[in-house]
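For the sequence shown, position 143 (counting from the first letter as 1) is numbered 202 according to the working numbering, and the numbering increases by one without interruption. Ideal Cβ placement from N, Cα and C applies to all residues, glycine included.
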Amino acid sequence: MTFQSILFEHPFVEKGTEENIGISDFITDLNLDQIINAITISKQDYNLEPFFSMPLSDVQAIHYRHEVFQDLENPSILQSIKIFSDGMRNLRDHLNQVEKLYYEMQKESWFLDAVDVYCRAVIELANDLGSFALKSRGLSSLREYLISYIESSQFLTLNSELDELKAELSSVKYLLLIQGNTIKVKTYNAESDYSADVEETFKKFQQSAAKDHSVKFSDRAEMNHVEAKILEFVAQLYPAIFRKLDGFCRKYINFIDDKIGTFDREVQFYIAYLDYLESFKFNGLKFCYPLISVSSKAVYAYESFDLALAGKLQNEDSPVICNDFFLKGKERIIIVSGPNQGGKTTFARMFGQLHYLACLGCPVPGRKAQLFLFDQIFTHFEKKENIENLHGKLQDDLIRIFDILQRATPRSIIVLNELFSSTTLNDSIFLNMKIMEKIIELDLICVYVTFIDELSLLGEKTVSMVSTVSPEDLTLRTYKIIRKPADGLSYAMAIAEKYGLTYVELKERLKS
């Protein structure tokens, strides 16, 4: 195959328009914005956020990325790519410096060095990839492209002219005659260097190690006007070489190959994600390459977790609790109930995160997983009431869920969290039942966090999962969500007893 992109096997079909990508509600509801920020924070120069905002819609496109990820799990291959990236970063630093400099010949010198850095980086990467047993279509086709590129007449001419010009510039020698405020620049004609003879002559008078009075020259990039004038005179002594340098810079102003430049940016998607996973893996958390289902809506994940929350817990040295789920046969909807602060919303976010990361072609949290190739993700989480639109909270909830159900297709995934909490229990049950009927009718995969246990009993498409507490202490949440019938227990009495807030205790306090 002909190399086009390391991210997209068919970039003109699969790649969206980066400029039109916005932040969807579900990105923030599922805390995916926190995950994306944590992944990309150290790679700001590459603008990776658009790549993490474009889930794929084709299974083969996802497999294409899986293959590249798996190749890059080889430390030697990953290190070679990182060395290439360092070279390209050095190249960009040189080109940025060219823009900052004032004197033309100094600009040309930095440009020449930039071309040298580029050629060395490309050749080294091509040679390195040639020594690896690559399995991915992406890196294999890149290797073929690089080998062809460095053997092309275009690159060979560039590299040959570069080496020739460097050699000629290295041959430039000149004399500086400094007398008072006058500096003369002359051609070097093999005059003797007397510094060594002087040192040898006076060596016999040396009694002990003398203090070093040598002056360290500044390593700043910019020249001062005196240095610039000296360089101007040197160029007059060697006009042919400096004309050649000027012609080289004009001829190769656009020397970076487009595909190589694009690869340098796109491969950071993989590097950034793998670097992000390192600390989780070090702490024993598992990641896997999920099976992606197009037709079957049977999904599962084992030993999975909320990636955003896990990052925070690791920073606090707190344990990360893993959970499992599965939907089989005609099952489509997970109704999550149980006591407050028991991990229900975290579980719902985990479900959404898994599907989103899977459709980016990334490894996902968990020992094993099969996930659905969605067309859209919709979420409905609690939002502050907007006083500007003159709607009540109930009306806002109804408008939002109506919009979701209008736009959803049988290939969509919906994550809902405590709908209609602002109304009465009877009204909430009635409205939730209506919403569930529509979700069932559309055959949507859905996770629904709710206090209404009756929703789990609507038929074969719904299953119940419940957040659990410690059997020894009912006030302690285990944060494990297990598949079992809803029991309607909130354990509020146990919490009230623990903190001395039962009705009887409060009444006694009021008496006293």
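| Check | Outcome |
| --- | --- |
| Alpha carbon to alpha carbon, how far is residue 162 from residue 337? Give it in angstroms, no decimals. | 46 Å |
| Starting from residue 324 and walking both ways along the alpha helix (DSSP H), at which residues does that stretch end? | 317-341 |
| Between which two residues does the alpha helix (DSSP H) containing residue 418 stretch? | 403-418 |
| Run through DSSP, which three-state label would residue 544 get? | coil |
| Taking only the alpha-carbon atoms, compute the straight-line gap between residue 436 and residue 473 and give it to the nearest angstrom. | 6 Å |
| Just curious, the alpha helix (DSSP H) that residue 122 is in, first and last residue? | 118-131 |
| Can you give the Cα-Cα distance for residue 108 and residue 322, rounded to whole angstroms? | 16 Å |
| Name the residue from 462, 451, 412, 475 whose alpha carbon lies nearest to the alpha carbon of residue 441. | 475 |
| Tell me the DSSP secondary structure of residue 87 in three-state form. | helix |
| So for residue 308, helix, strand or coil by DSSP? | helix |
| Starting from the Cα of residue 154, find the closest Cα among 146, 362, 170, 129 and give me that residue. | 170 |
| Below 7 Å CB to CB, which residues in the same chain sit around residue 495 once its five sequence neighbours on both sides are set aside? | 514, 517 |
| Between which residues of its own chain and residue 114 is the CB-CB distance below 7 Å, once the five residues before and five after are set aside? | 415, 418, 419 |
| Short check: CB of residue 470 to CB of residue 89, under 8 Å? | no |
| Assign residue 569 to one of two classes, buried (16 or more other C-beta atoms within 10 Å of its C-beta) or exposed (fewer than that). | exposed |
| Buried or exposed: residue 498, going by 16 or more other Cβ atoms within 10 Å of its Cβ? | buried |
| Do residue 346 and residue 398 have their C-beta atoms closer together than 8 Å? | no |
| Rounded to whole angstroms, what is the Cα-Cα separation between residue 234 and residue 250? | 9 Å |
| Are there 16 or more other CB atoms within 10 angstroms of the CB of residue 332, so buried, or fewer, so exposed? | buried |
| Go through the region 150-190 residue by residue and report every complete run of the alpha helix (DSSP H) that reaches 4 residues or more, in order. | 163-189 |
| From 222, 182, 220, pick the residue whose C-alpha is nearest to that of residue 210; which is it? | 182 |
| For residue 439, count neighbouring Cβ atoms within 10 angstroms of its own Cβ and tell me buried if that reaches 16, exposed if not. | buried |
| By how many angstroms is the C-alpha of residue 282 removed from the C-alpha of residue 276? | Summary for residue 276: the model assigns pLDDT 49, below 50, so the residue's position carries little reliability; its value from the coordinates is reported in the next sentence. Computed Cα separation, rounded: 12 Å. |
| Taking residue 477 as the reference, which of 395, 118, 454, 541 has the closest Cα? | 395 |
| Measuring alpha carbon to alpha carbon, tell me which of 142, 164, 201 ends up nearest residue 177. | 142 |
| Any idea what DSSP makes of residue 437, helix, strand or coil? | strand |
| Under 8 Å by Cβ, that's how I've got residue 413 and residue 480 pegged, so tell me the actual separation to the nearest angstrom. | No, residue 413 and residue 480 are not in contact; Cβ-Cβ is about 26 Å, not under 8 Å. |
| Sort 225, 352, 539 by Cα distance to residue 381 and report the nearest one. | 539 |
| Looking only at its own chain, which residues have a Cβ that is under 6 Å from the Cβ of residue 94, when we skip the five neighbours before and after it? | 366, 367 |
| Residue 506: buried (16+ other C-beta within 10 angstroms of its C-beta) or exposed? | buried |
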